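Sequence positions in the sequence shown follow UniProt numbering and run 1 to 139. Right, one structure below, let's go through it.
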Amino acid sequence: MEDRIKQLENQVAMLTNKITQLENDQKQTASTFTVLKTNHNTMEQNILAINSRQDRYDDITKKKYHLHFNKQKRSSADDSETNPAMNEDMSCHDQGTLTDNTVYEGIIEPDSDSRVHNIEASTFAFGSFNIFSGLSSHK
């Protein structure tokens, strides 16, 4: 009976420790989120400050060098307009365009054999030069 009481006391102690660990983890997580939010706000303020300084620099540069062009605000990639690719953009040029019409004028023959030939190098090709003969004996 005393053993059973000891086991229950140990279980209660373990559960109490786990509860305090979970409470500490929750506090650490909350503090981590607070730090992240503070860092995010700081970065946002720095970006705004940099942009305002850049705008002032642009104005000073325009006045100093008498630049009268209308500079648009800086745009991000999200602001830019993207056009989808058209069939004309993706179509392959004819062979005459790619070769300065030399195929059509008979200067070169069109490539009739488009297969790729793989030339395999082997050590037997260098056998007559005795390049690798010294290496094979030093195993």
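For every residue, glycine included, the Cβ atom is placed at its ideal position computed from N, Cα and C. All values reported here derive from a predicted model rather than from experimental measurement.
Original post:
Distance, Cα to Cα, N39 vs Q45?
Top reply: C-alpha separation (whole angstroms): 10 Å.
Original post:
Just the Cα atoms here: how many angstroms apart are A13 and Q7?
Top reply: Spanning the two alpha carbons is a distance of roughly 10 Å.
**OP:** Please report how far the alpha carbon of F33 lies from the alpha carbon of S52, in whole angstroms.
**Re:** 29 Å
Original post:
In this structure, does DSSP put L36 in helix, strand or coil?
Top reply: helix
Original post:
Can you give the Cα-Cα distance for M43 and Q54, rounded to whole angstroms?
Top reply: 16 Å
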